[in-house]
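> Just dropping this structure here.
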Amino acid sequence: MAGIIGRLKEYYSKVMNLPDAPTKIARGAALGFALDFLPIPLISIPIAYVLARVVGGNGLAGALTAAFFKWAVPFFYVLNMFTGSLVIGLHMPEEVKAVTVTGTTPADWVEKLAHLGYPFLAGSFINSCIAGLVIYFVVRRLLMIRQGRKGIVNAQKCE
């Protein structure tokens, strides 16, 4: 067990000490976080991994971020409805019923999403873009500061 933990720590150090690690990790984390705002239930984790790899980001960072923030998806969906209603100009219904996913087929899920309509889809797109950009710049900046402190890259690049 100690050997596995040692190898994981070594791999972590190796990845974090790469000069382009902040950009790749931030790109993956931003994609993973942004995908949680979109109506892609459960498959957003593998999609985040593949999409992060395709755009040159860290696939593991994308998948882990998408998986970690699954607990917040209900809050993201309510925020999507609010943002979409605000942008489109429609009023949110007073009582928004919970959409259950358990035991439903993909066709049922799509039908339930269709009931949410344009405000939800518009809000999910807007919130996804904004959240992805914010997470990208914050994570990238924090990782660049970390590398500057460790002496991995020139400290002037961090500023």
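Residue numbers in the sequence shown follow the working numbering, run continuously in steps of one, and reach 214 at the last position. Don't be surprised by glycine CBs; every beta carbon is placed ideally from N, CA and C.
How about Ala122 and Ile100: are their beta carbons less than 9 Å apart?
Here residue 122 refers to the residue found at position 67 when the sequence shown is read from its first residue. Here residue 100 refers to the residue found at position 45 when the sequence shown is read from its first residue. In this structure, Ile100 lies closer than 9 Å to Ala122 by Cβ.
> Please report the straight-line C-alpha distance between Asp91 and Ile60, rounded to a whole angstrom.
By one-based count along the sequence shown, residue 91 stands at place 36. By one-based count along the sequence shown, residue 60 stands at place 5. If I take the Cα positions, the gap works out to 30 Å.
> Can you list, in chain order, the residues of its chain with a C-beta nearer than 7 Å to that of Pro77? Leave out the 5 residues immediately preceding and following it.
Counting from one through the sequence shown, the residue named residue 77 turns up at place 22. These residues qualify, in order along the chain: Arg195, Leu198, Met199 and Gln202.
> Could you check whether Phe124 and Gly187 sit closer than 9 Å to each other, using their CB atoms as the reference points?
Stepping through the sequence shown from its first residue, residue 187 is reached at position 132. Stepping through the sequence shown from its first residue, residue 124 is reached at position 69. For Gly187 and Phe124, no; Cβs fall outside 9 Å.
> Can you name, in chain order, every residue of its own chain whose Cβ lies under 6 Å from the Cβ of Ala85, other than the five neighbours on each side?
For the purposes of this step, residue 85 is taken as the residue at position 30 of the sequence shown. If we look at Ala85 and ignore the five residues flanking it on each side, its Cβ neighbours are Gly187, Ile190 and Tyr191.
> Among Ser68, Pro129 and Ile143, which has the Cα closest to the Cα of Lys205?
Position 150 of the sequence shown, counted from the start, is the residue given in the question as residue 205. Per the Cα distances, Ser68.
> Is it buried or exposed for Ala81, if we count other Cβ within 10 angstroms and need 16 for buried?
Stepping through the sequence shown from its first residue, residue 81 is reached at position 26. Looking at its Cβ environment, which holds 16 or more other Cβ atoms inside 10 Å, Ala81 is buried.
> Just how far apart, CA to CA, sit Leu52 and Leu141?
No answer is possible for residue 52: it lies beyond the span of the chain, which begins at 56 and ends at 214.
> Taking all protein chains shown into account, do 16 or more other C-beta atoms lie within 10 angstroms of the C-beta of Lys79, making it buried, or fewer, making it exposed?
Your numbering for residue 79 matches position 24 in the sequence shown. So Lys79 counts as buried.
> Going by C-alpha distance, which of Leu106, Ala103, Arg62 and Gly178 is nearest Met21?
Shown here, the chain extends from 56 to 214; a query on residue 21 therefore has no answer.
> Rounding to the nearest angstrom, what Cα-Cα distance links Phe180 and Gly58 in this structure?
Working through the sequence shown from its first residue, we reach residue 180 at position 125. Working through the sequence shown from its first residue, we reach residue 58 at position 3. So the alpha carbons of these two residues sit roughly 44 Å apart.
> Are Gly114 and Ala103 close, meaning C-beta to C-beta below 9 Å?
On the sequence shown, residue 114 is found 59 positions in, with the first residue counted as 1. On the sequence shown, residue 103 is found 48 positions in, with the first residue counted as 1. The answer is yes: Cβ separation under 9 Å.
> Residue range of the alpha helix (DSSP H) that Leu141 falls in?
As a position in the sequence shown, residue 141 is number 86, starting the count at 1. Per DSSP, Leu141 belongs to the alpha helix (DSSP H) from Val128 to Ile143.
> Taking only beta-carbon positions, decide if Ile100 is within less than 9 Å of chain C.
Absent here is chain C; the protein component of the structure consists of one chain.
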